[in-house]
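In full-length UniProt numbering, the protein residues as written are 1 to 94.
The beta carbon of each residue, even a glycine, is placed where N, CA and C say it ideally should be.
Remarks on the structure that follows.
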């Protein structure tokens, strides 16, 4: 997980993004667009230029109350309320 903190631009548009990942909070990493080639069949291929990033959303357990979610990934930490928070998070993925 991480946060986009800056865009790298030139006259042709956005060329990259600067990201701070949760695993290294003090380090900024520059990520640039990549060309990816896909083969549809033997005679046809296409190329797509994109950032090698996956969009993600986050919500707290309390904000998720009342939602029905197909999948839940929970980082519940290691404090006093872990058992009860784990139960609450698990109950939202019904």
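query                                                                                                                                                          : result
In the structure shown, what three-state DSSP assignment does residue 84 receive?                                                                              : helix
In the structure shown, what three-state DSSP assignment does residue 46 receive?                                                                              : strand
Kindly give me the distance between the Cβ atoms of residue 3 and residue 20, rounded to whole angstroms, as I take these residues to be in contact under 8 Å. : 5 Å
Going along the chain, which residues of its own chain have a beta-carbon closer than 8 Å to the beta-carbon of residue 38, five neighbours each way excluded? : 45, 46, 47, 48
Output the distance between the C-alpha atoms of residue 22 and residue 84, rounded to the nearest integer angstrom.                                           : 25 Å
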